[in-house]
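Everything on this sheet refers to the single structure shown next.
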Amino acid sequence: MIEVSHYSKRYGTHLAVADLSFTVRPGAVFGLLGSNGAGKTTTIRALVGLTRPTSGTVRVQGFDVWREPVRAKAAFGYIPDRPYLYGKLTARELLRFVGDLYRVPDAASGIDRWLEFFRLTDFGNELLETYSHGMRQKVAIVAALLPDPPVLIVDEPMVGLDPHAARQVRELFRGHADRGRTVLLTTHSLPLAEAVCDRLVVLDRGRVLGEGTLDDLRAQTGTEAGGVHGDSLERIFFRLLEEEQAEATRAREGAAG
Ligand SMILES: Nc1ncnc2c1ncn2[C@@H]1O[C@H](COP(=O)(O)OP(=O)(O)OP(=O)(O)O)[C@@H](O)[C@H]1O
């Protein structure tokens, strides 16, 4: 379970996220969407304890990430957009380290299974500094999933993955939620969001433009109803941005006139 309540983050005078609230329940995949600079990574960084909220609270599995960081951090796996992996370790060494840290039972056979799943078995004993970007991304995904965390937090998961791996990862996230876990992801990939997310928040410049299921967003934007003929998320996303821009223009003209 993830609970974000009236979260705001200010960098100097710049308000990066303004009064954001949402809840992600077990069994759901929740998507955080938005343009560049919308505040997605800022929100993720608060959820994983890397930045302190200016105001509001963020909770993971009921633990306030700032007040009870160790308990909160034990409950989630985090896949960052640019994962840092120790280059002088092999993939197996890194994953054994993660297995020990989270006290994963029978980690060795889990590691074997994961390496095989991502076609990395032949490279398991190579140093991570020799891995390609996509291979590193796969290792970061395995490191987050090896402890089978109740909550999975993912920032831009598909960057650098080939189409086969991208499909595997999509199915992994859906499967994780379907086993009663909680998944939150940010993405620029509207097809990914459309394929796996139960609910979405669309952010722009730190503010919420829309929230809900795809059908809720269709209703909010007056786009076509759901089902096979329903509007795609892409059209809804652009409609929300257009509405926001039209409103900003009206406000500017009102202020000028
Ligand atoms: N450490 C920081 N110091 C100052 N401003 C920051 C910092 N981190 C982010 N920002 C600002 O906060 C806003 C939101 O940035 P954020 O990285 O959360 O966006 P994003 O939605 O993840 O964008 P993208 O899709 O481009 O990754 C931006 O205006 C950015 O310039």
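Under the working numbering, think of the first position of the sequence shown as 6, with each following residue one higher.
Where a beta carbon is used, it is the ideal one built from N, C-alpha and C, also for glycine.
On a predicted model such as this, the values are computed, not experimentally measured, just so you know.
Under 7 Å: does the beta carbon of Lys45 sit that close to some heavy atom of ligand 1?
yes
Check: By Cβ distance, which residues of its chain are closer than 8 Å to Arg57, with the 5 residues on each side in sequence left out?
Finding: Ala51, Trp71
query: Pairing CB atoms from the region 125-143 with CB atoms from the region 85-102, are three or more of them under 8 Å?
result: yes
Three-state secondary structure (DSSP) of Gly104: helix
So does Asn130 have its beta carbon nearer than 7 Å to some heavy atom of ligand 1?
no
| Ala79 by DSSP, collapsed to three states: which one? | helix
Exercise. Relative to the C-alpha of Leu25, which residue among Arg175, Arg210, Gly17, Gly227 is closest?
Worked result: Arg210
Using C-beta distances below 7 Å, list every residue in its chain close to Ala182, excluding the 5 sequence neighbours before and after it, in chain order. Gly32, Ala33, Val34, Val188
Check: Do you know whose CA, among Val53, Thr59, Ser60, lies nearest Val75's CA?
Finding: Val53
Fill in: Helix, strand or coil at Ala43 according to DSSP, with G and I counted as helix
coil
Cutoff 8 Å; reference Tyr12; Cβ partners in own chain excluding five residues on either side: Correct list, in chain order: Val22, Asp24, Leu25, Ser26, Thr48, Ala51, Pro58, Ser60, Gly61, Thr62, Val63.
Q) Can you find a heavy atom of ligand 2 that lies under 7 Å from the Cβ of Tyr16? A) Summarising the ligand content, the structure contains ligand 1 and does not contain ligand 2.
Checklist entry - Nearest to Arg179 by alpha carbon, out of Gln66, Pro168, Ala200? => result Ala200
(Q) Let's test the definition: count the other Cβ atoms within 10 Å of the Cβ of Leu55 and tell me whether it reaches 16, buried, or not, exposed. (A) exposed
| query | Measuring CA to CA, which of Phe128, Phe81, Arg108, Glu252 is closest to Val144? | reply | Phe128
Notebook entry, point to check: Closest to Phe243 by CA distance: which of Thr254, Arg255, Ala256, Thr228 is it?
Noted result: For the residues Thr254, Arg255, Ala256, Thr228, the minimum Cα distance to Phe243 belongs to Thr228.
message: How far does the beta strand (DSSP E) with Ser60 in it extend, from its first residue to its last?
response: 60-65 is the extent of the beta strand (DSSP E) around Ser60.
*asked:* Just to confirm my understanding: we take Leu37, look at its own chain, exclude 5 residues before and 5 after, and list those with CB closer than 6 Å. What are they?
replied: Lys45, Thr191, Val206
Is any non-hydrogen atom of ligand 1 found closer than 7 Å to the C-beta of Lys21, if you look at the structure I gave you? Reading off the sequence, residue 21 comes out as Ala, not Lys. Checking the Cβ of Ala21 against ligand 1 gives yes.
Helix, strand or coil, according to DSSP, for Val22 in the structure here? strand
| said: Pull the bridge partners of Ile7 from the DSSP assignment, please. | reply: Val29, Val65
* To do: Tell whether a beta-carbon distance below 8 Å holds between Leu120 and Ala148.
  => No. Outside cutoff.
(request) In the DSSP assignment, find the unbroken beta strand (DSSP E) run with Leu190 in it and report its ends. (result) 187-191
- Query: Which one or two residues does DSSP pair with Asp153 in a beta bridge?
  - Reply: Asp153 pairs with nothing; no bridge assigned.
query: So what does DSSP say about Phe123, is it helix, strand or coil?
result: coil
| What do you reckon, is the C-beta of Asp39 under 7 Å from a heavy atom of ligand 1? | Sequence check: residue 39 is Gly here, not Asp. The answer is yes for Gly39.
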